[in-house]
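Read through the structure below, which is laid out as structure tokens, and then see the notes.
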Amino acid sequence: MDEKTLVSDALVGINGELKMFGDMIPQTENKELKQCLKQIRNQCEMAQEKMYTAAREKVIMFLPKKHLCRKSNMSNLF
1 MDEKTLVSDA LVGINGELKM FGDMIPQTEN KELKQCLKQI RNQCEMAQEK
51 MYTAAREKVI MFLPKKHLCR KSNMSNLF
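The following block contains the structure:
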């Protein structure tokens with residue numbers, strides 16, 4: 001399995017967890033549980049952002065300069 005696939009799979013997993021927490025938080029009436037779920041969700045969001053940033057930086061390092069000039073190319077990479 002290559003790095004791109006691993007990163008993509010990790011991001012898909014994190015996105016699934018974020019959706020799960022987004023569904024669970026409004027369904028609970030227990031304030032302590034709700035706060036705990038929000039903290040876990042926030043940690044997942046930070047992990048997602050770190051993963052995306054690291055992947056983007058790695059792609060930028062190895063792209064030829066001609067590809068860096070087009071913003072549309074960056075959005076196609078992820």
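Under our numbering, the first residue of the sequence shown carries the number 1, and numbering increases by one thereafter. For every residue, glycine included, the Cβ atom is placed at its ideal position computed from N, Cα and C.
- Message: By the three-class DSSP mapping on this structure, what secondary structure does N42 have?
- Response: For the purposes of this step, residue 42 is taken as the residue at position 42 of the sequence shown. DSSP places N42 in helix when its eight states are reduced to three.
- Expressed to the nearest angstrom, what Euclidean distance is found between the alpha-carbon atoms of K38 and M1? For this step, residue 38 is matched to residue 38 along the sequence shown. For this step, residue 1 is matched to residue 1 along the sequence shown. So the two alpha carbons sit approximately 33 Å from each other.
- Exposed or buried, A55, counting other C-beta atoms within 10 Å across all chains shown (16 or more means buried)? Counting from 1 along the sequence shown, the entry for residue 55 is found at position 55. Buried is the call here.
- Item | Length of the line joining the Cα atoms of L33 and T53 | Counting from one through the sequence shown, the residue named residue 33 turns up at place 33. Counting from one through the sequence shown, the residue named residue 53 turns up at place 53. Their backbone Cα atoms lie some 30 Å apart in a straight line.
- Task: Go ahead and pull the three-state DSSP assignment for R29.
- Result: Against the sequence shown, residue 29 aligns to sequence position 29. For the record, residue 29 in the displayed sequence is Glu; it is not Arg. In the structure shown, the three-state DSSP call for E29 is coil.
- Query: Under three-state DSSP, which class holds M1?
  - Reply: Numbered from 1 along the sequence shown, position 1 holds the residue referred to as residue 1. Three-state DSSP puts M1 in coil, outside helix and strand.
- Query: From this set, Q48, K58 and T5, which residue's C-alpha is nearest I14's C-alpha?
  - Reply: The residue labelled residue 14 in the question sits at position 14 within the sequence shown. Residue Q48 is the option with its Cα nearest to I14.
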